Every structure is written in structure tokens, then in C-alpha cells.
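**Q**
Protein chains: 4
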Amino acid sequence: MEKIAVGILGATGYTGGELVRLLARHPAARIAWVTSERYAGRPLSDAFPHLRSAGDLPCQKLEPARAAVECQVVFCAMPHLTSMAVIPQLLAQGCRVVDLSADFRLRDARVFQEWYGVEHKAPELLREAVYGLPERHRAVIDKARLVANPGCYPTSVLLALGPLLEADAIEPGGIVIDSKSGVSGAGRSAQQGNLLAELNEGFRAYKVIGHRHIAEMEQELAGYAGRPIQIRFTPHLLPQSRGILSSCYVRPRGERSAASIRELLAWRYEQEPFVRILPEGELPATSDVRGANFCHIGVALDKRTGWLLLFSTIDNLVKGAAGQAIQNFNLMTGRPETEGLDQMPLFP
Amino acid sequence: MEKIAVGILGATGYTGGELVRLLARHPAARIAWVTSERYAGRPLSDAFPHLRSAGDLPCQKLEPARAAVECQVVFCAMPHLTSMAVIPQLLAQGCRVVDLSADFRLRDARVFQEWYGVEHKAPELLREAVYGLPERHRAVIDKARLVANPGCYPTSVLLALGPLLEADAIEPGGIVIDSKSGVSGAGRSAQQGNLLAELNEGFRAYKVIGHRHIAEMEQELAGYAGRPIQIRFTPHLLPQSRGILSSCYVRPRGERSAASIRELLAWRYEQEPFVRILPEGELPATSDVRGANFCHIGVALDKRTGWLLLFSTIDNLVKGAAGQAIQNFNLMTGRPETEGLDQMPLFP
Amino acid sequence: MEKIAVGILGATGYTGGELVRLLARHPAARIAWVTSERYAGRPLSDAFPHLRSAGDLPCQKLEPARAAVECQVVFCAMPHLTSMAVIPQLLAQGCRVVDLSADFRLRDARVFQEWYGVEHKAPELLREAVYGLPERHRAVIDKARLVANPGCYPTSVLLALGPLLEADAIEPGGIVIDSKSGVSGAGRSAQQGNLLAELNEGFRAYKVIGHRHIAEMEQELAGYAGRPIQIRFTPHLLPQSRGILSSCYVRPRGERSAASIRELLAWRYEQEPFVRILPEGELPATSDVRGANFCHIGVALDKRTGWLLLFSTIDNLVKGAAGQAIQNFNLMTGRPETEGLDQMPLFP
Amino acid sequence: MEKIAVGILGATGYTGGELVRLLARHPAARIAWVTSERYAGRPLSDAFPHLRSAGDLPCQKLEPARAAVECQVVFCAMPHLTSMAVIPQLLAQGCRVVDLSADFRLRDARVFQEWYGVEHKAPELLREAVYGLPERHRAVIDKARLVANPGCYPTSVLLALGPLLEADAIEPGGIVIDSKSGVSGAGRSAQQGNLLAELNEGFRAYKVIGHRHIAEMEQELAGYAGRPIQIRFTPHLLPQSRGILSSCYVRPRGERSAASIRELLAWRYEQEPFVRILPEGELPATSDVRGANFCHIGVALDKRTGWLLLFSTIDNLVKGAAGQAIQNFNLMTGRPETEGLDQMPLFP
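Chains as they are written, first to last, in the working numbering: chain A, 1328 to 1675; chain B, 1328 to 1675; chain C, 1328 to 1675; chain D, 1328 to 1675.
Below, the structure is given as C-alpha cells:
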């Protein structure tokens, strides 16, 4: 079998590095093209010493015109707003694209402008792009030219709440989501606020009003529910590198037990290789999925107050970014969905 | 001025050590008696090398009968359920007591039994004990024989929500509190789950149904509100040593702005030395109060969904335990309330 | 191909868990037997939620008499001094054994007694056991019944210094080794000193006189040098979970440049899949090899003072324990040496 | 008593913030002038929320010409090479200066140029400046116009080794110093290498050849020894915010026991309020002195190899910077040396 040539744009950020880590061991992929403006002309291991064993990948300046020469599928791990300028060129050359930025996740250009504050540069592609949550949109990912890989927070939330809204098992209103993320989610750029000395022993909330991931969560949750959904979403920054834990507060509809909610989710995800509903009494920790493509979901019902709780954890760089992108790649290229994604979590 | 002789029971736990750290520099207190079952007969610095400069305090076995000989005021930093067996003896000898355990925080013995699963051993003292949140009960603390020092989570929550319920500014129902605590809150006993290797990179929720601090929060919030209050409370464990951040979700009553809520709180705490309402746009981090007796509260209003957010942070070992205990001690002994509590937070 | 049935004794410690993580994905191994006294009768995922995807492995009580029924090769990850009581029984039944404890690393029973303070229970096996550092003893590992897997500190040190002593490139006297280890090296048992609250921000040295790993380092270094070697070795405890970095101070013999030392090492390890000599100007970080079986070695020469510096890093649980054990297993069973060990390091 | 007006130049770096933390509670000092280029015109609490309780200090642009108007003593916490351009102006106006940069620590302008790579701008002041290690140079600090506050690594090393060289108790050659520092020592500027995601689980050495602190260590050690001293010095970066631990390897002269070395040091520091020699069997941890001005030194003798070990720990921002600067300030202004420096360490 000839391997599929893939490109990774923006390979020296954390998401890009994670794509290399996973794709370098993917049996059907060959990393043919890695770009980095900052490290152009140097080996990737200058940026990431841990990737030394991925071979001597040379970083190149991004020349979109070379895309089709270099590869068949492009993983675009560039910053938001940069992607949408480049991706039309990649598609025009015949490449298929998994975009890990937020640029093609929203279907409505006006909604995009509302949340991102700028006009979308390729609005015609917004309808074509497929939201790449395989557990939800698997059927349309396989043929897609452009897959918009979901955000990290949305992945953790949608997998937990989507099926409950779909089954009309919870109230659509009054949803509260309190999420906590490791700092790798903020990217690798040098910012004072992300220094170890600032964050160690310094847990805090941030962007508590209007975090942009709300838009894609509400779009997708509405899809599950068949009606508009509004959520209250609060992100926090953990003094750790990886991992997201979303604590979701919802109201069950009717007389539901925790066991019945757990069963509903377990049934929904029975065939899913990467989503696991924890047994009664167990709650997930971010370290349970570190480095792997799993999502672990714990369920509890507070009979006293009537709140149903869902705790959903993923590795923000794997199921929340690079791992899910490869899951999409596998679907797009007709490979087994779990190929290259069989890493066990790393603990401790 | 002759200094007041104080005793610290259970001095080799984290709370006990913090009491020594603060009382060793308190201008009106003299540490006269420190007990520790495990370190009896050895200097305290064997347990806490950082307390070497507190002088050569010898640890003793607890002999309650010696209390009055040794000291006037006793800080009881022993485990829950142990305190209530000892404190009646201390009081009987004429000592005044600040109890840092949960044993005397609830006024109703039945409620105690319901949440703690055992019968209270000194129910007659439950009515006498004063809940030692000075910002709320200052007027009755000064004469108290027995002050029940509030729990760490409750302190962070009550300071934020109490005045809003008191002023009828928020709905009494549907309150959600998502709290995160450093691991020192779990005490110093060796438990596998609190090892660095288990927690580093391993954020998680715990005891999500029925955490015992709910009882005292609901008791006190009901006092503010003048009616029963039920809360949804979820604790999480942070990979850091100190600090609590409580993210509170409530519904404002009527047409309130974030500014008006902030003003209400600022006015309420104007004369309070330890509580600060942050200006618009600022959110607290646990590191802003590390090692000090402050509580920082940030306010945000999500107009889209109607939720009002309060973020309240304290150092769980200071304002959440030893610092607040000394604040109570100052009130009980007629000292200035801030005496011995002027430490600036330690950052980074 | 029929897979080789393997057993893991002591599967619920960190080393045992790491063996499961790696062997569960090993193409030629089948985990047939896992034992744990503490978790006997329960699934392994009760002890390690991150190993849920390894299948429903049931923990059993250790019954050495069942070894041959259960498996062909046994990985013994039990505490020091326990292993030597069990292993003779395993061998007697025809199992081959990779022992990850220290019990069979020293060839001389008197040296063992001197450093471990007890008489060896199976001295006749000490001569038979092979010290399982493949880069050094590959030729005799393949036929061995009993491989003594090297200690974590020794692995990091021997790979860096061994070839230099062998080539007579450094002075055999006056060697100083200052090592730092993540806390997973201390095991999973609940000890106060390893709590997160104790170690976070609390770096320190420990067991600075007479750490037991000295014995095996001196034994093996003497083998390289062809003469007795004494080292000064100091272990320190890092506030992190994994990783060892050994900073080694030696005196070069004659007029050697850093480049020539680097070349010597690079030449020595040219064919080695897991050892890498870093180019000039680069120094290793523990995060460069986290989760993988690599050893990265950096070299610097201080011309001013004449000291030659070697910085050697491994993941203490992989190349320092479970990974190296599997490398030995591969050699013993005629598999490719790197099989099951192609994980890329996890960063960040 | 009228308080002494002090200025803090560069108040929004970690060292500057620590000066504010300590001076805001100093009974004889009044913070009259704080400068910060980046935060000029804004309150200091914008840069440091934890300093809110220091009062509303407004940051100003540095105008050296205003120094004498604003204050009597200036703490200069600006970057290396910047200080030497400003300090002559401050002195010319009659201010006395404690400089926390490295600019005036070396007495010889040629040595400065050799290690710092630039010509010194005020070589005439190098002879006048006093090296501000009070335990060594107390006698000449009190009258000094310009005190060069020692570096953090040198403070930890000089306090441990100085008296041993002075007493001819150790060999002057072959000294090896392996130091580890928390990341606050690298300053607050945003650098990729100091991000939490880069350092967590990522211990490493850095600048292993030619670290600039070597120059001042060798200068001062030569003073103790009465002869030139060369040291081998290796700094490492810890995944924690604060704290330095220096592990020093030296050769005792003659037949010395660990006890005699411990006694020598204990005798030397008997009257010193901030230096403590630990009893036999105890080793220091960085958390034992966190936030306080202490230096803890542990001693061990390896009889097997003849190496004498000294483990010295300080808080790099306190005894290694701001605390020591205030100790110097106290001496310069005739205040008790410990004034404002009685903080107990913060643990956990």
C-alpha cells in the first residue's frame, strides 16, 4: 500500500507538534510537508526535541501553491483567521483539508462575524465544510473536501450533552458548563500570563463572557435538540499542561434516574471506540485520557436539587485537536477510524 | 502587655502548622501549648522544618485536663468528630475555644447527624457555638466561649452570595456553585490519591453528591436570605497546594447590571479589611491571595443568558482556616481584628 | 503467529501499570496474568482508570505455583526483597523472568548483603542472572532465563559514562553524579513526603549517603573500565511525576575536545535505536523523552576547569523500568528489539 | 520616627514586586517612588493583583533626575546593563542605592567585560560598590553609597562554602556546584521556554558553560580563601516558581568529620539571624524557606569517596534578591538588620 502524503501547516505549535507525534506512527500516512514561518529552513526537532524520532523533517515556509505537489491531505494547524485565507487555495489545487482552526466551524457567516469580529473571507465554503465530530457527523465526513475540526471545549461538551438533548432527556434551557483546561490550549506563543511562575498555584477563570467556542457549541447542540439552545459557558485555566474537564449542569426531563441517563449514553456510544461512559460512582480525571484520543464521561444525579451532572474529560491536544483530526482523516481516506490512534493514556 | 497564652491542638497538620506560622508572629499571642499525637515528645520543626524560626516548640500528647494550666484560648485543629469529644472538657476548665473542625458549625443536632452520619456528642453546645464568619457574625463572636470556624469552601461562597441574598438581589433557587481547591484542603495524611504523581496533570471532581460543607452553606445562606436555601455544590481537586476558587452561578432579581451588583457588594464590604470586590473586567486568581487572609471577589453578568457570575477566591489555609481563626481570636480577646494578619500574599 | 503469554506481578504499582500500558499494544505479547495483592478480585482499571482500554484484566492474588499454567514470560514488578522469594519458584516451573526489582542486579551475594542489609535468599541465581542493559549485555540476554532489569538511575548513568570508561577516555576516579528524579520513582505507596502539597515548590536531595543504586552502578562501571570504580552519587526529588536527569562530572583523559567525546559516544551508539547523542549546544530535558524508551545524552566540556559534563535523561518508568524490560523481553524471545517500543515522547 | 522614603525602579518584575511586598510592611520604610516603563501611568496592582493591599502605588516612567526629590534610598531592580547607566545619576543626586542587578558586583572592570561582553559604563564605581552579602561584608555595608546585592546562586553558594575556605577546611581546587532554581529567577518576561507547558515535567540544565554568576562567586570565594578559586558551576531549571538548592561537592582537608564541619559552620553563623545549619541527618528543601529570608544548609560526608557535601537552599526572590536587599537597607540606615524580614516561610 502506498502511504497517503500529508501536510501539516503550522507544525511548530502544540497542535502541529501533536499531529506530527501521531502521524509519524500512522501506518497509512507519510508526513510529506511541514511548514512553520518561524522555523523555516530548520529541522522540526529544533522546535520539538521530543520529535527527533519522527525523522529529519525540514520546516518550510508556507507556499500554498505547492500544496498539491507536496501532499494529498493537508492538516491546517494555523491560527484562527489565518486559515481561511489559505484554505481556499489548498482546495483549489485539489487537496483535501482538515482545518484545526475555528475558521470553518460555523455554518453561518453572520454568526461568524458576530463572534469573531471580522468578515469571513470564504463564506461560500462555510456551507460546504463539515463539522468534524465523527461521533455526530461521521456519515458526511467521508466525502468531505473540507473538515472543520471541532474546538477542544466543544468536543468535551457535545459528546456529553448532545445525545441527551437529542433524546429529549434534559431541559433545553438553563444549561451551565464550567470547564477547566490545561494551558497548552492557549498555544505555544510566549505570553506572560502563561509562564509557569504565573500559573503554578494560580488557578483562575478567563474570558467568562463571550468565549468564542460558545458559538459552535450552540450551533451543534441546536442540531442535536432540533431547536435553538443557549448555554452558560465558563472556561478556567489549570496549572497543568494538558487536559480538559467540563462540569455540565443540566435539568433532566421527567422522572429520570442517573442509571437511566448512563444507560442512554452508554447505548448511544456502544459502538464508539473513543467514548466511554463511566460506571456508577466513578468520575473522570484528566490524567485518565492524557495523550490518548478518549473521552471519558461520568454521570451523577443530585436528587436533592434536581440537577443532573455530567463530567467529561478529554486531552485537549488529542481528542480536542490532533487526534480527532486524524480520526477525520481516517474517515476521509477510507481507513479504519481508529488507525494510528491506539495510544494508551500516559499515567502518571 | 502580657501576651495571651494560646494552645494549638493538632499542630502537625496543615491547618495546625498554619496557625503556628501566623500566631508565632502575632503581637498579642504566645504559643504556650502545641499537641500532636504523632510527634509527641519531639520538636515541632521535625514535622515542619519551615517553622524552625517559631522557636523550639515541643509537641505534647493531648491531655485535655491540662488545658487551663497551659493557656487561655485553644485553637482546635483536630479532625472532625474528634473535636467534639475534647472541646467540652476545654470549656469546662474555662478555656475559650476556636474550633477549626466542622463539629460545631451546624446549629441543629439532627442536621449534623444527617450529614455526618453520627450522633453529636455535645448537642447542648451547638446552640451556644457561634459560626465564626466575622463579616457576618462579628457582633456575637466577641463574647463567645466557643467559635466554630467556618469551612474553607463555605467561606469563599458565603462572602460572595450572602449579601446578595440578604439584599434580595438574586433568586434564592437554582444556585450552582462549582468550586476548585488546592490539595492541602485534603489534609496531610498520606493518601494515594493525593500523591504528586497522581494529581499532577490530573484534575478531577470529587464527592460531587453530598459534600458535607453543603450543610453549613445552606444554614448560613438561609440566615442571610431569611428563608431556606438549597444549593448545587461541586468540589474539584486542583494540582496545586493552596487556594480555593468558587465559581457561583445565580440569577439576578429584576433588572440589575453587573455594576449595581458590584456596588452592592463593595458597599457591603467597604469597612471590611479582608474582602475586596474587584473592579470591572478583573477576575481573581488563587495566587492573588496566597498566604494571606484576603477574599477577592469578581463579578460578571452574562446578559445573553441572564446568569450572574461570582468568582470568589481565598487561601484555604488562611481565610479558609487559620487566618480566619485568628481573626476570631482577635475579636474574642478585644484585639484589633487585623492584628497578626497583615501578611501580603506571596506571588509568584 | 501465536502471541507469547506474559504475566505481570505487582501490576498496580507505577511500574506494573507501565508494563500493562506498553504490553497491551505489543504485537507479540498477550497479557495473560496480572497479580496484585491489594486489588485481587477486581479489574485492573479500578487501580488504573487510564488502562481501561487494555481490556478487562482481572487482578489475581499471586500464586507462584500457577505461573507456568498462566504464562511463558513473567515480568516481576514487586518490591525489592519480595522478588527473590518468588522468582526461584517461577524459574523452577520453566518460566523465564524479567525482574524489575533490585534483587538480582548484583552478582556478588556479599555485596548485596552489604548494601541491602539482608542475606540474599537465592544467591545461586545471582551468577546466572543477566544485567539487562541491552546496549551493554545484549549478547547474553537472548538466552537468559533470568534478566535483572537495571535501576532507573543506573540506566541513565551507565549509558553516558560506560563507553567513556571503556574507551579509557575519562579518569576512573573522582566521578560525581548529581541525579534528579520525578516522584513516580518512589512508587505508588502513600507516603506523606510524596504528597503534592509537600513536594510542589519543595525540591530536595534525599538518601545522599549510600543510595543502593550505587552498588549496581559501580559493578557495571567496573565492567566497562576493567578496574574498580567508585562514584559519588546524589539523588534529588523533582516536583514532577516522571523523568530522570543525571548530571555527570568527570575528568577527560588527555587532550580531548567536547566534539571528540560526542563522536565517541555517537559512534558507540550509532546502531542503537534508543540512545541519542545530542548535537553541540543542545542539552536534554526530561520532557524530551517522556513516555518513550529513549535516552538523550548531551555533552559539554568546561575548558576553564577541565571538567567534562554529561547530561543524560530517560523516562524512569520506560527506559528506566518497563520499556527496558520489554526491550529485554524482545531479545529473550527473538523479537525485533524495538517491537512495542515505538511510542513517540509526549510533549507538552 | 519619620519613615525613610524609598524608590523601587523596575517594580513590575518579580524582584521589584517582591521588594514592594516586603517594604510595604517595613516599619521604617515608605514606598515613595515606583517605576515601570511598561505600566507607567497605571496602578501597580494592574501588574500585581496580589499587591493590592500595598496601597494604590502609581507606576511612573523612570526619570533619574527626580530621584532625590522622590526618595532617599533607591532599590534598583532593573535588568543587567541598564542599571549601570542610571545609577551614577542617582548617586550624583545624593541617593543611596541598593542595586539588585549584576552591574556592580565585580570589582574589576576587565573581569566584568570578560563575562558580560560589554565595556562597563561606570568603572570608577566598581571599586566603591560594596558586595552586599551582610554575613560577609556587614562592616562596610553600613556606610556604603552603593551596595551591589549578590546574585541568587552566589548567595546560596557563598554562605555554604565561604567559611570553609576561610577556615582552610576544604581543598580550594576541584569544587563542583550543581544548582537548581525555580523559574522566577529567569524573570517575568514572556519567553517560550518558561511557559508552564514547556517546563512542567521538563527539568533541564541550561547555560552549563560560562554562567555569569561564576564570576562573582569566584571573586568572593577568593576573598574568603585568600587565593584564587575556580569552580565548576551548573545551573538547572526546576518546574517550580521559587527556590534555589545548590548541591556543593568539595574535598575536606585533613581528617574532618561531618560533625566538625557542621560545628564550624554553626559556630560561624551562631549570631546570624538568617543562616541555619541543619542538624545531622537533615537536608533542606526549597519549601522550608519559601517566602522568607533564611538560608538553610545541610552537611553530609561521604566517607567512602571522601567527598564532603553541602546542600544550601534559599528563596531566590528573598534571600537571593529582595530580602537581602532589605537586609542591606537596614544596615545602611542603621535599622535592626532583621527589620521587616521576620516573615515565616510559607508551607505548603
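Heads up, the beta-carbon is just placed ideally off N, CA and C, and yes, glycines get one too. Here the structure is a predicted model, which means the values were calculated and not measured.
If you draw a straight line from the alpha carbon of D1505 of chain A to that of R1539 of chain A, how long is it in whole angstroms?
**A** Numbered from its first residue, the first sequence carries residue 1505 of chain A at position 178. Numbered from its first residue, the first sequence carries residue 1539 of chain A at position 212. Straight-line Cα distance between these residues: approximately 15 Å.
**Q** Please compile the residues from chain B whose C-beta is within a distance smaller than 8 Å of the C-beta of V1510 of chain C.
**A** As a first step, residue 1510 of chain C must be located in the third sequence, where it is residue number 183. Per Cβ cutoff of 8 Å: L1522, L1523, A1524.
**Q** For the stretch 1560-1577 of chain B, which residues have a CB atom closer than 9 Å to at least one CB atom of chain C, in sequence order?
**A** Answer set for the stretch 1560-1577 of chain B: P1566, Q1567, S1568, R1569.
**Q** Measure from the alpha carbon of N1476 of chain D to the alpha carbon of each residue in D:F1439, D:L1427, D:P1450, D:E1446, then state which is nearest.
**A** Indexing the fourth sequence from 1 puts residue 1476 of chain D at position 149. Ranking the options by Cα distance to N1476 of chain D, first place goes to D:L1427.
**Q** Is the CB-CB distance between F1530 of chain C and L1572 of chain C below 9 Å?
**A** In the third sequence, residue 1530 of chain C corresponds to position 203, counting from 1. In the third sequence, residue 1572 of chain C corresponds to position 245, counting from 1. No, Cβ-Cβ distance for F1530 of chain C and L1572 of chain C is not below 9 Å.
**Q** Going by the CB atoms, is the gap between I1558 of chain D and V1503 of chain D shorter than 9 Å?
**A** For the purposes of this step, residue 1503 of chain D is identified with residue 176 of the fourth sequence, where counting begins at 1. For the purposes of this step, residue 1558 of chain D is identified with residue 231 of the fourth sequence, where counting begins at 1. In contact: V1503 of chain D and I1558 of chain D (Cβ atoms closer than 9 Å).
**Q** Rounded to the nearest angstrom, how far is the Cβ of G1570 of chain C from that of E1528 of chain D, given a contact under 8 Å?
**A** Position 243 of the third sequence, counted from the start, is the residue given in the question as residue 1570 of chain C. Position 201 of the fourth sequence, counted from the start, is the residue given in the question as residue 1528 of chain D. Sure, about 6 Å apart at Cβ, within 8 Å.
**Q** Would you say Y1551 of chain B and L1492 of chain B are within 9 Å of each other, going by their C-beta atoms?
**A** Stepping through the second sequence from its first residue, residue 1551 of chain B is reached at position 224. Stepping through the second sequence from its first residue, residue 1492 of chain B is reached at position 165. Cβ distance < 9 Å, so Y1551 of chain B and L1492 of chain B count as in contact.
**Q** The stretch 1331-1346 of chain B: which residues have C-beta closer than 8 Å to a C-beta of chain D, in chain order?
**A** Y1341, G1344
**Q** If you measure beta-carbon to beta-carbon, which residues of the stretch 1372-1401 of chain C are closer than 8 Å to chain E?
**A** Reference to chain E is not applicable here, since the protein chains of this structure are A, B, C and D.
**Q** According to the neighbour-count rule (16 or more other Cβ atoms, all chains shown, within 10 Å of its Cβ), is M1328 of chain A buried or exposed?
**A** To locate residue 1328 of chain A, count along the first sequence from 1; it is residue 1. Its Cβ having fewer than 16 others within 10 Å, M1328 of chain A is exposed.
**Q** My output table needs one value for C1386 of chain D: the three-state DSSP class, helix, strand or coil.
**A** Residue numbering aside, residue 1386 of chain D sits at position 59 when the fourth sequence is read from its first letter. Looking at C1386 of chain D - three-state DSSP - the assignment turns out to be strand.
**Q** If you draw a straight line from the C-alpha of A1412 of chain D to the C-alpha of L1418 of chain D, how long is it?
**A** Taking the first residue of the fourth sequence as 1, we reach residue 1412 of chain D at position 85. Taking the first residue of the fourth sequence as 1, we reach residue 1418 of chain D at position 91. Each residue's Cα considered, the two are about 11 Å apart.
**Q** Could you pull out every residue in the same chain whose Cβ sits closer than 6 Å to the Cβ of W1634 of chain D, ignoring the five residues on either side in sequence?
**A** Locating residue 1634 of chain D in the fourth sequence gives position 307, where the first residue counts as 1. Excluding positions up to five away in sequence, the list reads Y1576.
**Q** Between the beta-carbon of R1378 of chain B and the beta-carbon of R1348 of chain B, is there less than 9 Å?
**A** In the second sequence, the residue the question calls residue 1378 of chain B occupies position 51. In the second sequence, the residue the question calls residue 1348 of chain B occupies position 21. Sequence inspection shows Leu at residue 1378 of chain B; the Arg mentioned does not correspond to that position. Taking 9 Å as the Cβ cut-off, L1378 of chain B and R1348 of chain B qualify as a contacting pair.
**Q** If you follow the alpha helix (DSSP H) that S1483 of chain B is part of, which residue opens it and which one closes it?
**A** The residue given as residue 1483 of chain B occupies position 156 in the second sequence. Note, S1483 of chain B: alpha helix (DSSP H), 1479-1493.
**Q** Name the chain B residues that come within less than 8 Å of W1634 of chain A, Cβ to Cβ?
**A** Against the first sequence, residue 1634 of chain A aligns to sequence position 307. Ordered by position in chain B, the residues that pass the 8 Å Cβ test against W1634 of chain A are V1503, R1559.
**Q** Shortest alpha-carbon distance to L1433 of chain D belongs to which of D:A1652, D:A1542, D:V1474?
**A** As a working note, residue 1433 of chain D is residue 106 in the fourth sequence. The candidate whose alpha carbon is nearest that of L1433 of chain D is D:A1542.
**Q** In whole angstroms, what is the alpha-carbon distance linking C1422 of chain B and P1415 of chain B?
**A** Here the question's residue 1422 of chain B lines up with position 95 in the second sequence. Here the question's residue 1415 of chain B lines up with position 88 in the second sequence. Approximately 10 Å, taken between the alpha carbons.
**Q** Please tell me whether A1661 of chain A has its Cβ less than 9 Å away from any Cβ of chain C.
**A** What you label residue 1661 of chain A is simply residue 334 of the first sequence in a count that begins at 1. According to the sequence provided, residue 1661 of chain A is Gly. The question's Ala does not apply to it. Taking Cβ atoms only, chain C never reaches closer than 9 Å to G1661 of chain A, which makes this a no.
**Q** Indicate whether at least one CB of chain C lies closer than 9 Å to the CB of R1617 of chain D.
**A** In the fourth sequence, counting from the first residue as 1, residue 1617 of chain D sits at position 290. At least one chain C Cβ lies under 9 Å of R1617 of chain D.
**Q** May I have the straight-line CA-CA distance separating P1408 of chain C from E1364 of chain C, to the nearest angstrom?
**A** Sequence index remark: in the third sequence, residue 1408 of chain C carries index 81 (1-based). Sequence index remark: in the third sequence, residue 1364 of chain C carries index 37 (1-based). The sequence shown places Leu at residue 1408 of chain C, rather than the Pro named in the question. Roughly 16 Å between the two C-alpha positions.
**Q** For a test of the three-state rule: what should DSSP assign to V1413 of chain A, helix, strand or coil?
**A** Counting from one through the first sequence, the residue named residue 1413 of chain A turns up at place 86. Three-state DSSP puts V1413 of chain A in a helix.
**Q** Have a look at B:H1464, B:G1618, B:Y1458, B:S1483 and flag the residue whose alpha-carbon is nearest the alpha-carbon of V1474 of chain B.
**A** The sequence position of residue 1474 of chain B within the second sequence is 147, counting from 1. Out of B:H1464, B:G1618, B:Y1458, B:S1483, B:Y1458 has the C-alpha closest to the C-alpha of V1474 of chain B.
**Q** Measure the beta-carbon distance from S1380 of chain C to F1621 of chain A and round it to whole angstroms, keeping in mind my assumption that it falls under 8 Å.
**A** Position 53 of the third sequence, counting from 1, holds the residue named residue 1380 of chain C. Position 294 of the first sequence, counting from 1, holds the residue named residue 1621 of chain A. About 7 Å; that satisfies the 8 Å criterion.
**Q** With a Cβ-Cβ cutoff of 9 Å, do R1463 of chain B and E1547 of chain B count as a contact?
**A** Locating residue 1463 of chain B in the second sequence gives position 136, where the first residue counts as 1. Locating residue 1547 of chain B in the second sequence gives position 220, where the first residue counts as 1. For R1463 of chain B and E1547 of chain B, yes; Cβs fall inside 9 Å.
**Q** Might you give, ordered along the chain, the residues of its own chain that have their beta carbon closer than 7 Å to the beta carbon of P1499 of chain C, omitting 5 neighbours on each side?
**A** The count along the third sequence starts at 1 and reaches residue 1499 of chain C at position 172. Taken in chain order, the residues that qualify are L1492, A1552, R1554, I1556.
**Q** Select from A:I1536, A:R1393, A:T1342, A:I1624 the residue whose C-alpha is nearest the C-alpha of F1375 of chain A.
**A** Numbered from 1 along the first sequence, position 48 holds the residue referred to as residue 1375 of chain A. Among A:I1536, A:R1393, A:T1342, A:I1624, the Cα nearest to that of F1375 of chain A belongs to A:T1342.
**Q** From which residue to which residue does the beta strand (DSSP E) around G1625 of chain B run?
**A** Here the question's residue 1625 of chain B lines up with position 298 in the second sequence. Per DSSP, G1625 of chain B belongs to the beta strand (DSSP E) from 1622-1629.
**Q** Can you look up D1505 of chain D in the DSSP assignment and give me helix, strand or coil?
**A** On the fourth sequence, residue 1505 of chain D is found 178 positions in, with the first residue counted as 1. In the displayed model, D1505 of chain D falls within a strand according to three-state DSSP.
**Q** Suppose you measure from the CA of I1358 of chain B to the CA of I1468 of chain B; what does that come to, to the nearest Å?
**A** Taking the second sequence and counting its residues from 1, the one referred to as residue 1358 of chain B is at position 31. Taking the second sequence and counting its residues from 1, the one referred to as residue 1468 of chain B is at position 141. If you take the alpha carbons of I1358 of chain B and I1468 of chain B, they lie about 22 Å apart.
**Q** With DSSP as the reference, label V1467 of chain D as helix, strand or coil.
**A** In the fourth sequence, counting from the first residue as 1, residue 1467 of chain D sits at position 140. Under the three-state reduction of DSSP output, V1467 of chain D falls in the helix class.
**Q** So who's on the other strand from W1360 of chain A, going by DSSP bridges?
**A** The residue given as residue 1360 of chain A occupies position 33 in the first sequence. DSSP, once it has assigned bridges, lists A:G1334 as partnering W1360 of chain A.
**Q** Would L1488 of chain C pass as a contact of I1536 of chain D if the rule is Cβ separation under 9 Å?
**A** The residue given as residue 1488 of chain C occupies position 161 in the third sequence. The residue given as residue 1536 of chain D occupies position 209 in the fourth sequence. No, they are not a contact pair.
**Q** CB V1425 of chain A to CB F1656 of chain A, shorter than 9 Å?
**A** Translated into the one-based positions of the first sequence, residue 1425 of chain A becomes position 98. Translated into the one-based positions of the first sequence, residue 1656 of chain A becomes position 329. Yes.
**Q** Give a yes or no on whether 9 Å exceeds the smallest Cβ distance from A1648 of chain B to chain A.
**A** Working through the second sequence from its first residue, we reach residue 1648 of chain B at position 321. No, no contact with chain A.
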